[in-house]
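Going letter by letter, the sequence shown gives residues 7 to 377 in the numbering used here. Glycine included, every Cβ here is placed at the ideal spot set by N, Cα and C.
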Amino acid sequence: MSTSANHPGRWWHRLDDGRIQCDLCPRDCRLHEGQRGACFVRAREGDAMVLTTYGRSSGFCVDPVEKKPLNHFYPGSSILSFGTAGCNLACKFCQNWDISKSREMDTLMDAASPIAIAQAAKRSGARSVAFTYNDPVIFAEYAMDTADACREQGVATVAVTAGYIGTEARREFFAKMDAANVDLKAFTDDFYVKLTGAHLDPVLDTLQYLRRETDCWLEITTLLIPGKNDSAGELDALTKWVARELGPDVPLHFSAFHPDWKMSDIPATPRATLQRARDIGIGNGLRYVYTGNVHDLAGGTTACPSCDTPVIARDGYRILAYALDDTGRCKSCGAAIAGRFSRYEGAFGPRRIPVRLAQYRPATALNGESV
């Protein structure tokens, strides 16, 4: 597979005026020769679209899966995480702005083919690979090829995404993924337009598609920003929509904002705000509502919806107690917990291990392909 800087792009068409239109996401960027899309990594080269970051990463780490965050996808397992550069949103509060807003290709440190990533995950003991740090939608071809390679190695794949993706690309992209955490940034279009440069409805469409049309495991994260998207009314509307349209078993994570990028004047989210949001979600019928980026034992614990027994007690990314059988059923009452589970053999814990792929790279790939 190609690891060249410019890889043939998909999801575009020619316009009558000579431009080409990118159909990957709802931005519908229309490009003349030599121009780049809003994401900066998809460009017109001749009469075609190319992806300029295929095979190049901003770095690799082995993390706990709970950091994505995913609390119901093989809890306690480790996950090999990587991203590239660029983004198709323009969030003023971006928490990974040094990667997602970068227009310097020098930030891409590691070159790796899809099979090299899959083999590194296998050799490191990671249960899955996460496309994260920046949005995998913009490097979809690379992520999809990597997902295929991971599947051949028995490694699952996870998309950590804002869900801002076109209809055709969405179908093909998520068909390759085993799980997704979608960042639902707010529940008003005004917030999306003013603070992300995007719109709310396409994200809601992605959430409904994932829940209704795929087998991809879904969890949602909302970063609560003081005074911007944390009112009781908005949280009530958001959680009611999730319960009604997606069902009560979709885990929802309310995460704490810290001042960053172009919103360094906004204070960090108080823990009480997150706890209030969690209470609203539970009150509206959601069974699994979590708090993140704060110390909150109750907000990190999974309780059985049938008998209320704490079946996974967490302190941050550390699992303190685990009371599910191998199929994800409560050991107290036998009720099934929504998610993907297997034999629990202890937790990876809160470690974060930077990885250079060379340390896991054999001389040749298993199929003989140079990596």
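Work out the CA separation of residue j and residue i for me, nearest whole Å.
i	j	result
Arg20	Tyr323	47 Å
Asn77	Pro257	8 Å
Ile85	Val143	19 Å
Thr228	Lys128	31 Å
Thr113	Ala153	Summary for Thr113: the model assigns pLDDT 48, below 50, so the residue's position carries little reliability; its value from the coordinates is reported in the next sentence. Distance between the alpha carbons of Thr113 and Ala153 is about 23 Å.
Gly340	Arg293	16 Å
Ser63	Arg177	24 Å
Pro232	Pro265	10 Å
Phe16	Pro311	Here the sequence assigns Arg to residue 16, which means Phe is not the residue at that position. If I take the Cα positions, the gap works out to 43 Å.
Ser261	Cys97	16 Å
His13	Asp69	29 Å
Pro356	Ala304	18 Å
Ala243	Arg48	35 Å
Ser338	Pro316	10 Å
Ala344	Asp53	47 Å
Cys336	Ile288	19 Å
Glu225	Ser130	25 Å
Arg320	Ala124	29 Å
Tyr353	Asp23	Reading off the sequence, residue 353 comes out as Ala, not Tyr. Looking at the two C-alpha atoms, the distance is approximately 57 Å.
Glu219	Val361	35 Å
Leu57	Val135	21 Å
Arg157	Ala238	42 Å
Ala165	Asp314	30 Å
Ala126	Ala162	13 Å
Please list, in chain order, all residues of the same chain as residue i whose beta carbon is under 7 Å from its beta carbon, the five residues on each side excluded.
i	result
Tyr198	Lys191, Ala192, Ala204, His205, Leu206
Gly291	Ala249, Pro254
Asn94	Cys31, Arg33, Ala44, Cys45, Asp141, Val143, Ile144, Tyr170
Tyr215	Arg176
Thr307	Pro316, Ile318, Ala319, Arg320
Glu251	Gln214
Start and end of the beta strand (DSSP E) containing residue i?
i	result
Phe260	258 to 262
Gln27	26 to 28
His19	18 to 20
Ile272	Here Ile272 belongs to no beta strand (DSSP E), and DSSP marks it neither H nor E.
Asp141	First-last for Asp141: undefined, no H or E at that position.
Val300	Premise fails: Val300 is in no beta strand (DSSP E) and is neither H nor E.
Please state whether DSSP places residue i in a helix, a strand or coil.
i	result
Thr163	strand
Arg358	coil
Glu240	helix
Glu174	helix
Leu190	coil
Asp195	helix
Thr308	strand
Arg33	coil
Ser108	Because Ser108 carries a pLDDT of 47, less than 50, the predicted location of this residue cannot be relied on, and the following value inherits that uncertainty. Of the three classes helix, strand and coil, the one that applies to Ser108 here is coil, per DSSP.
Val47	coil
Leu292	coil
Ala371	Any answer about Ala371 is weak, because its pLDDT of 37 lies below 50 and its placement is not dependable; what the coordinates show is given next. The answer is coil: DSSP assigns Ala371 none of H, G, I, E or B.
Thr228	strand
Phe179	helix
Leu57	strand
Which two residues bound the contiguous alpha helix (DSSP H) that contains residue i?
i	result
Asp207	207 to 219
Asp154	146 to 158
Ile123	120 to 130
Arg320	First-last for Arg320: 316 to 321, but that is the beta strand (DSSP E), not the alpha helix (DSSP H).
Thr279	277 to 289
Buried or exposed, going by whether 16 or more other CB atoms sit within 10 Å of the CB of residue i?
i	result
Pro75	buried
Thr245	buried
Gln41	exposed
Arg50	buried
Gly160	exposed
Arg133	buried
Lys234	buried
Ile286	buried
Glu147	buried
Between which residues of its own chain and residue i is the CB-CB distance below 6 Å, once the five residues before and five after are set aside?
i	result
Arg349	Asp332
His259	Pro75, Thr227, Tyr296, Gly298
Met269	Lys98, Phe99
Glu72	Tyr323
Pro81	Ile318
Arg36	Arg25, Gln27
Trp223	Phe79, Ala185, Arg346
Take residue i and list the residues in its own chain whose beta-carbon comes closer than 8 Å to its own, dropping the five residues that flank it on each side.
i	result
Asp29	Trp17, Trp18, His19, Gly172, Glu174, Ala175
Glu240	Ala192, Phe193, Thr194
Asp34	Gln27, Cys28
Would you say the beta carbon of residue i comes nearer than 8 Å to a heavy atom of the ligand COA?
i	result
Ile144	Of ligands this structure carries none, so the ligand COA is not represented either.
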